[in-house]
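Below is one structure, written out as structure tokens; the observations come after it.
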Amino acid sequence: MITQKGKEHLVKDKQKSNIYLRILSGIVLVPLFVIAILWCKPLFYILMILVGTGMLSEWYNMTYSSIPDLLIGLIIIPIPISLLIFLSMEDTNRWLIMLYFCIMWSVDTFAMIGGKTFKGAKLAPKLSPKKTWSGLVTGVLSAGLVAVLVSFIPNFHIENYYFSNKIYLFIISCILALIAQLSDLFISYFKRKFNIKDSGHIIPGHGGVLDRFDSIILTTLILFLMKIYL
């Protein structure tokens, strides 16, 4: 018989294991995306098509019992994938896309770290029990700082004043990071509705493709509009 203390140790060990798997999968995926975005456009197309296919597959598995919800996924998933591919067709956008993914990765990572470190009040306990306000603030501000740091990389260049100015860049990045968290909660709503914790298990430590890339659902359109109107 496992005692309460033993159960707590098992939970902690599982959490540590997930963190290690998350780090290892990140070590593989992040360089792959960096290479694809900056130097190998065809690879980026392939990756985004695979991501889109994975997201649609997991969405179908989650919502097939509800036609209206299934149709929502058939609309909200292809749009960001298509916009990212469209933006990548122009070589001058490669650093914009690189910056975008750095923001998405950063807010997710630092929100988790901030939540575990500072704890505090829950952000949306019914949708995502682990998310906290401290994690949200940590993730958003950290993503803004990471974006500014990325802008110091040699050869970094975005043909837009607001993305080139460090102050505006920080503000824009924080806005995108905040919307990324809202996008996460948006997908969490559907996962809770269908009583699913993770959309899949294909990415070690992260769950499914939808779990890993849910932030692009709402943010890509905002990025695209910023690119056009700023």
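Per our numbering, the sequence shown starts with residue 221, numbered consecutively. Cβ atoms here follow ideal geometry from the backbone N, Cα and C, with glycine treated the same way. Computed from a prediction, not measured in an experiment: that's the story for all the values here.
- Task: Tell me whether Gly-503 sits in a helix, a strand or coil according to DSSP, three-state version.
- Result: A question about residue 503 goes unanswered here, because the residues of the chain that appear run from 221 up to 450.
- Task: Give a yes or no on whether the C-beta atoms belonging to Val-366 and Ser-326 are separated by under 7 Å.
- Result: yes
- Message: Which of the three DSSP states is assigned to Pro-349 in this structure?
- Response: strand
- Item | Collapsed DSSP secondary structure at Gly-427 in the structure displayed | strand
- Query: Do the segment 277 to 284 and the segment 335 to 346 meet, that is, are 3 or more Cβ pairs less than 8 Å apart?
  - Reply: no
- Query: Under a three-way DSSP split, which group does Lys-342 fall into?
  - Reply: strand
- Give the DSSP-derived three-state secondary structure of Phe-406 in the structure shown. helix
- Message: Which residue wins for smallest C-alpha separation from Ala-331, given the options Leu-405, Tyr-449, Leu-438 and Leu-249?
- Response: Leu-405
- In angstroms, rounded to a whole number, what distance separates the CA positions of Met-399 and Ser-435? It should be noted that the sequence gives Ile, not Met, for residue 399. Using only the alpha carbons, I get a separation of about 8 Å.
- Message: For Glu-379, report the span of its alpha helix (DSSP H) as first-last.
- Response: Run containing Glu-379: none; DSSP gives neither H nor E here.
- Task: Taking all protein chains shown into account, decide if Ala-266 is buried (16 or more other Cβ within 10 angstroms of its Cβ) or exposed.
- Result: The sequence given here has Ile at residue 266, not Ala. Exposed, because fewer than 16 other Cβ atoms sit within 10 Å of the Cβ of Ile-266.
- Is the beta carbon of Ile-378 less than 7 Å from the beta carbon of Leu-316? yes
- Message: Counting C-beta neighbours from all protein chains within 10 Å, is the total for Tyr-284 16 or more, i.e. buried, or is it exposed?
- Response: exposed
- Item | Beta-carbon gap between Leu-396 and Ile-323 smaller than 7 Å | yes
- Task: Assess, as a yes-or-no matter, whether the segment 295 to 304 is touched by the segment 437 to 447 under the definition of 3 or more beta carbon pairs within less than 8 Å.
- Result: yes
- Under a Cβ-count criterion, where at least 16 other Cβ atoms within 10 Å of its own Cβ denotes burial, should Asp-328 be classed as buried or exposed? buried
- Could you say if the segment 406 to 418 and the segment 346 to 360 meet the contact criterion of at least three C-beta pairs nearer than 8 Å? yes
- Query: Does DSSP put Ser-308 in a helix, a strand or coil?
  - Reply: helix
- Message: If I follow the unbroken alpha helix (DSSP H) through Tyr-284, where does it start and stop?
- Response: Run containing Tyr-284: none; DSSP gives neither H nor E here.
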